[in-house]
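As they're listed, the protein sequences go chains A and B. Under this note's numbering, the residues of the first sequence are numbered 1 to 139, in order. Under this note's numbering, the residues of the second sequence are numbered 1001 to 1167, in order.
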Amino acid sequence: MNPQSEVQRIEAKLNKLFAGEPRDFRPFAVFDESLDCIRVVTRDCSVTETRVNELLTILEDNYPDRPEAKYVGFTIKGARHFCLERQLKAAGPIRLAEILDEILAAFPQPFVDVCVNAVARPILEQNPQIDIVELPTAA
Amino acid sequence: MNQGRSDRYFEMVDAPSPDDYRETVRFGIRQEVILRLVAYQRKTAVAQFLGVVSPGLILARHAFRGLRRPLYHDGDFRADRTVVAYTWRPSSDFVWVGDPHYGHPEAKVPPARTVFVVLVREVADRTIGDVRGSIEHWNWIREAEDLPHAPTQWKERYGLRLWSRTI
């Protein structure tokens, strides 16, 4: 398949899938139960994931308009596992800022501190509407 | 939970078997995963599934089993062991460009020194629907210097390197 027909194939499928969803993208935070992680995403774009440690990953826009606008989200991995292990609330509405505090307490390392305070927290401060994520009751 | 039922899936994708790359198996992407991406208007992620994952997974160069990070799922505190990561360096990326309503997908040259990673979860009951597992997540990660087509820190990320191959 040539590249142009490949793009046309993808466009046709996207138009069909999104036909009933005429809304703009909005930043969101969601719990991915299958991979036990909280995904915070503020832009619909191609991203590169940068692993900070076993609990935190930073998302960078692969083709940003401005270099300073490259951070577009983060992932808190093993979120429910972490909450259960540390005897934190693991179901219902959870404040992301509080989980970030706990991650800093569990991993008091300079690199983690920079990623939490210079990347993750500013994302939440710029998008305060996504500071709370709902964790469903565990199976 | 019966994750093996084929009617749970939006699309099936061929992939090299985690056990032996010379054998082909099928993974499904759950309707639930696609509907969540649609609900959050993640057109670029869906375009990547259609343009990178679906045609490209069969060309994966490495497979790893297990994530070296906490993962609680379905009552299992070691659910990381059921995840397989496929990695390779695709020739194209796909993104949604322009207006959310009147934009269009576009093929892009992938970011330099990155690889594509697809995470799948193997299902326990493989007798139903000929589905080996479910595709759960995909994204770009910087490439390792010591293993072409694999992500950086692959030894820290994954439990077991199942196989590697050249094509």
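No residue lacks a Cβ here, since even glycine has one placed at the ideal position from N, Cα and C.
- Of the candidates A:His81, A:Val133, A:Glu125, A:Glu6, A:Glu6 places its Cα closest to the Cα of B:Pro1055.
- In the DSSP assignment, B:His1137 is bridged to B:Leu1119.
- In this structure, the alpha-carbon of A:Arg26 lies about 12 angstroms from that of A:Val72.
- Within the same chain, Cβ atoms closer than 7 angstroms to the Cβ of B:Ala1144 are found at Ala1150, Pro1151, Thr1152, Trp1154, the five residues on either side in sequence being excluded.
- Looking from the CA of B:Arg1081, the closest CA among B:Thr1044, B:Val1046, B:Gly1159, B:Glu1023 belongs to B:Gly1159.
- Neighbours of A:Tyr71 in chain B, taken as residues at a C-beta separation under 8 angstroms, are lacking, since the least C-beta distance is about 15 angstroms.
- Straight through space, the alpha carbons of B:Asp1076 and B:Gly1133 are spaced by roughly 17 angstroms.
- Taking a Cβ-Cβ threshold of 8 angstroms, the residues of chain A close to B:Ala1107 are Pro3, Glu6, Val7, in chain order.
- Sorting B:Val1095, B:His1062, B:Glu1032 by C-alpha distance to the C-alpha of B:Val1117 places B:His1062 at the top.
- Where A:Asp101 is concerned, there is no enclosing beta strand (DSSP E), although the alpha helix (DSSP H) around it starts and stops at 96 to 106.
- Contacts with chain A at 7 angstroms (Cβ-Cβ) do not include B:Thr1087.
- Scanning its chain for C-beta atoms nearer than 8 angstroms, with the 5 sequence neighbours on each side dropped, one finds around A:Arg95 the residues Asp131, Ile132, in chain order.
- Distances from the alpha-carbon of B:Asp1014 to those of B:Tyr1086, B:Tyr1102, B:Pro1110, B:Ala1124 put B:Tyr1086 closest.
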